[in-house]
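Enquirer: Got a structure for you, questions after.
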Amino acid sequence: MNKILLLVVSACLLLCPLSASAQGNAPSRAEVLVMKDNLLILWSMGLTKSAPKSQEALCRDALFFLILSEGSACGVDRRMDPDLFQGIPERYMGFVPMQKVEESARTIFGQEVSQHVAFKGSYFDGNGYFLDFGALSDKTGNICNLSPDNLLPGYANVEMMEPIDEKHWEMFGRLQRFKEVDGGEIVWKEATFHVIVHHQDGKLLLRSFEFTEQAMG
Numbered sequence: 015m016n017k018i019l020l021l022v023v024s025a026c027l028l029l030c031p032l033s034a035s036a037q038g039n040a041p042s043r044a045e046v047l048v049m050k051d052n053l054l055i056l057w058s059m060g061l062t063k064s065a066p067k068s069q070e071a072l073c074r075d076a077l078f079f080l081i082l083s084e085g086s087a088c089g090v091d092r093r094m095d096p097d098l099f100q101g102i103p104e105r106y107m108g109f110v111p112m113q114k115v116e117e118s119a120r121t122i123f124g125q126e127v128s129q130h131v132a133f134k135g136s137y138f139d140g141n142g143y144f145l146d147f148g149a150l151s152d153k154t155g156n157i158c159n160l161s162p163d164n165l166l167p168g169y170a171n172v173e174m175m176e177p178i179d180e181k182h183w184e185m186f187g188r189l190q191r192f193k194e195v196d197g198g199e200i201v202w203k204e205a206t207f208h209v210i211v212h213h214q215d216g217k218l219l220l221r222s223f224e225f226t227e228q229a230m231g
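Next up, the structure:
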């Protein structure tokens, strides 16, 4: 059966070869690795599919994505640059420039920030977001209020990638999270994914994503 499938795929490639430009624009191995990490982060945030967001939700999710993907590297710690925090209440311990939030919104969520909106646990001063990490973890005790299950070790596997046109590519695959049970590791959560990515200005952007949770026995 596998041999038959391989023959069918080979025949399709011979009959419908990719253009040279489409092949040249294929996501690189490094880009795919970064995209896999990005998908795990989006899944951990409890998102299921891309959809238009309000400006408040867009700013929040773009900022959460930055925190989860870059950690302390995404901004400035109050202890490292106290002058930046002059006049800002002491509960705000971090700062992320607005430009980074705008870039995250554009590359990950496919939307432009037209108006910066502060949300619970943040204060926007016109240049960026000051963060109260206590308020950002008040529900679960975890950063960005992630559930404990979404902090488990995860793995993303791209099972198929094919071009839509010379700039857009579809990716299909599977996301998994693992948990130690009775001395062994089991798949605790699983979802399939379908995403569309595209190149723009030399960057690989996420145009759309959809995660489908799989029932676990």
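Residues in the sequence shown are numbered consecutively from 15, following my numbering.
Cβ coordinates follow ideal geometry from the N, Cα and C atoms, glycine included.
(1) I'd like the span of the alpha helix (DSSP H) that includes V115, first residue to last.
(2) Whole angstroms is fine: what's the gap from L150's alpha carbon to V110's?
(3) Let me make sure I understand the geometry here. Which of G197, G187, H212, K217 has the alpha-carbon closest to that of E204?
(4) Based on the DSSP output, what are the partners of R53 in its beta bridges?
(5) Going by C-alpha to C-alpha distance, which of G216, I210, F99 sits closest to T222?
(6) Helix or strand or just coil, what does DSSP make of S161?
(7) If you drop the 5 nearest sequence neighbours on each side, which residues of the same chain put their C-beta closer than 7 Å to that of N39?
(8) On the three-pair Cβ rule with 8 Å, is the segment 99-108 touching the segment 133-151?
(9) Under a Cβ-count criterion, where at least 16 other Cβ atoms within 10 Å of its own Cβ denotes burial, should A87 be classed as buried or exposed?
(10) From what residue to what residue does the beta strand (DSSP E) around I200 run?
(11) Beta-carbon within less than 7 Å of L166's beta-carbon, same chain only, minus the 5 sequence neighbours each way: which residues are those?
(12) When you compare the CB positions of K67 and Q125, do they come within less than 8 Å of one another, or not?
(13) For L145, which beta-bridge partners are listed by DSSP?
Expert: According to the data block:
(1) V115 -> alpha helix (DSSP H) spans 112-123.
(2) 14 Å
(3) E204 has its Cα closest to that of G187, out of G197, G187, H212, K217.
(4) Sequence check: residue 53 is Leu here, not Arg. Bridge partners of L53 according to DSSP: none are assigned.
(5) Before going further, note that residue 222 is Ser rather than Thr in the sequence given. Looking at the Cα atoms, I210 is the closest of the given residues.
(6) coil
(7) E180, K181, H213
(8) yes
(9) Exposed, since its Cβ has fewer than 16 Cβ neighbours within 10 Å.
(10) Counting along the chain, the beta strand (DSSP E) containing I200 begins and ends at 198-214.
(11) Cβ within range, chain order: R191, F192, K193, W202.
(12) yes
(13) G108, S136
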